[in-house]
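See below for the structure under consideration.
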Amino acid sequence: MSVISLIKSHLENILSSKEKRLSALIVLIIELITITPLCGYLFQCGCDWPWSGLDEKCNYHQPHIKQQCPWCVSMAMGILSTALAIMMGVYASSVSMDILGNQHKVKEVLLRALIGLSVFVLTAIIMAIMAASWQNHPLPMLRL
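Per my numbering: the sequence shown = residues 2 to 145.
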């Protein structure tokens with residue numbers, strides 16, 4: 002069995018129901034909206050909500066700042082961190098109820114979304130700590 006067919010069958014399995022697909026979509030939309038302000042919170046770098054300028058005020062754009070945003074300074078680290086957090090959240094929303102059992106449909110979607118978003122935030126925090134430590138960046142979030 003090739004890797005692609007293995008991935009395809011796994012994706013079909015985790016997105017096999019309407020509830021799984023809906024919760025994964027809800028989680029993905031919320032993640033895409035909140036990842037930049039989450040960066041701003043974790044690193045106190047100035048990143049903000051999409052309607053407030055996204056990374057327009059990020060300290061990455063200020064060359065005189067000594068400690069710039071680790072996710073923006075290292076594009077590879079930023080992409081890896083945010084992509085992993087987003088994928089883990091979507092994945093957790095799709096597989097979580099398989100462990101917890103059957104629920105009412107609306108309750109199942111909400112529970113899946115809550116679990117997915119929790120995994121997203123936890124993964125983002127872990128990746129932020131790793132990015133900050135690899136770049137000798139003090140993590141302001143830990144002082145709040």
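The C-beta atom is built at its ideal place from N, Cα and C for all residues, glycine as well.
Note that the structure is a prediction, hence the values are computed from the model and not measured.
Look at Leu43 here: in three-state DSSP terms it is helix. If you keep only unbroken alpha helix (DSSP H) runs of at least 4 residues inside the region 17 to 63, you get 19 to 44. Nearest C-alpha to Ala129 among Arg22, Ser75, Arg113: Ser75.
DSSP places Lys106 in the uninterrupted alpha helix (DSSP H) bounded by 106 to 135. In the DSSP assignment, Pro71 falls within the alpha helix (DSSP H) that extends over 71 to 74. Minimum Cα-Cα distance from Ile127 among the listed residues Val91, Asp56, Phe44 corresponds to Phe44.
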